[in-house]
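Each number in the working numbering comes from the position in the sequence shown (counting from 1) with 697 added on.
For glycine and all other residues, C-beta sits at the position ideal for the given N, C-alpha and C.
Only a predicted model underlies this, so the values are computations on that prediction, with no experimental measurement involved.
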Amino acid sequence: MQLGLERKRALVTAASRGLGRASALALAAEGASVAVGGRNQAAMTELVCELKDAGAASAIAVQMDLADRATLKPAVDEVVAEFGGLDIFVGNTGGPAAGPFLSVSREGWEHALNESLLPMVDLCHAVLPHMQANRWGRIIFVTTVGVKIVQPNMVLSDSVRLAVVGLAKSLSIEFAHEGIMVNCLCPGPFATDRMEYLVQSSMDRDGLSRADAEALWLQEVPVGKFGDPNDFGAIVATLASERGGFITGTAIALDGGKSRAY
């Protein structure tokens, strides 16, 4: 499908692996210019080559630590200087630590806020003026199906990422008249490093075998399997395109049917 992204300029954060990487590759395959932000420069450099091979009009990596506010706006400024503007922001973060409420310290809560919510606030402050200048933009936050259905032993993710959904909803109302669409994607169990961490956590905490731990994470997923990150990327590219111009303020579950909510 031709989505009309050939002249669009995108930034994807936490892009070195998993759903961030899949999002960046999907945008590249549609001909967008794609900047990827992350801490692992070796992985970022390798990904830039993959993005160019996939069809990106241009591709760069920018140094960014989501937990270090001082790195965020300079990274956005670097993207804008290289591409001449910014049209698409895919706000992906690493997932907060797993564990039940009483196991999480105050410092754990602060860490989750500083890695999953506040960087999105700071980055939106940095990217929105460039979208306003063109009266066109797409902001897509990657959250979790935990904002639709509570995930046991995931109190940090369930709580902090629900705040990201609230941020997105507010921004969608404030900026729709300027052609800026803001949405959340809420992934269930995809075959990523994050899923591997969650499966391993279940094994360690509950003494489960790998097969039983995987079955635990899939027991409420009607399709009965882990998702393919490439399928996630395809939805990101669609929302980021002109075809996403009447979709804003939504939190879309990509979860194999796990969430029973309407």
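- In its chain, beyond the 5 residues on either side, GLY715, LEU716, ARG718, ALA719, PHE887, ALA888 and THR889 have a beta carbon closer than 8 Å to the beta carbon of PRO926.
- At the C-beta level, GLY788 and HIS827 stay beyond 7 Å of one another.
- GLY701 counts as exposed, since fewer than 16 other beta carbons sit within 10 angstroms of its beta carbon.
- Within the region 816-882, the complete beta strand (DSSP E) segments at least 3 residues long are 834-839, listed from N- to C-terminus.
- Burial state of ILE870 is exposed, judged by a 10 Å Cβ sphere holding fewer than 16 other Cβ atoms.
- Judged by DSSP secondary structure, THR710 falls within the beta strand (DSSP E) whose first and last residues are 706-710.
- The Cβ-Cβ distance between CYS881 and ALA950 does not fall below 7 Å.
- In the three-state reduction of the DSSP assignment, PRO771 falls in the helix class, which pools H, G and I.
- Taken through DSSP and simplified to helix, strand or coil, PHE786 comes out as strand.
- For GLY805, the enclosing alpha helix (DSSP H) has its first and last residue at 803-809.
- Pairing VAL844 with ARG858 gives a Cβ-Cβ distance under 7 Å.
- Short of 6 Å from the beta carbon of GLU779, and not among the five residues preceding or following it, lie these beta carbons of its own chain, in chain order: ILE757.
- By the Cβ rule, the region 766-773 counts as touching the region 812-826, because three or more pairs are nearer than 8 Å.
- According to the DSSP assignment, VAL896 belongs to the alpha helix (DSSP H) that extends over 890-903.
- If you look at LEU951, you'll find it isn't in any alpha helix (DSSP H); it sits in the beta strand (DSSP E) that goes 948-951.
- In terms of Cα proximity to GLY863, the closest of GLY876, VAL839 and ALA726 is VAL839.
- Under the 10 Å beta carbon count, SER730 is surrounded by 16 or more other beta carbons and is classified as buried.
- Counting other Cβ atoms within 10 Å of its Cβ, PHE929 reaches 16 or more and is therefore classed as buried.
- Per DSSP, the continuous alpha helix (DSSP H) segment holding SER720 begins and ends at 715-726.
- Taking each of PHE786, VAL879 and HIS874 in turn and checking the Cα distance to LYS866, the smallest one comes out for VAL879.
- Residues of the same chain with a CB within less than 7 Å of the CB of LEU936, apart from the 5 flanking positions on each side, are ARG835, ILE837, ASN880 and ILE944 in chain order.
- Cα atoms of VAL918 and ALA830: separation of roughly 42 Å, rounded to the nearest angstrom.
- GLU911 and PRO797 have their alpha carbons spaced roughly 19 Å apart.
- Taking C-alpha positions only, ASP765 is separated from TRP806 by approximately 16 Å.
- The closest CA to that of ARG706, considering only VAL745, VAL776, ALA726 and MET761, is found on VAL776.
- DSSP, read as helix, strand or coil, puts SER956 in coil.
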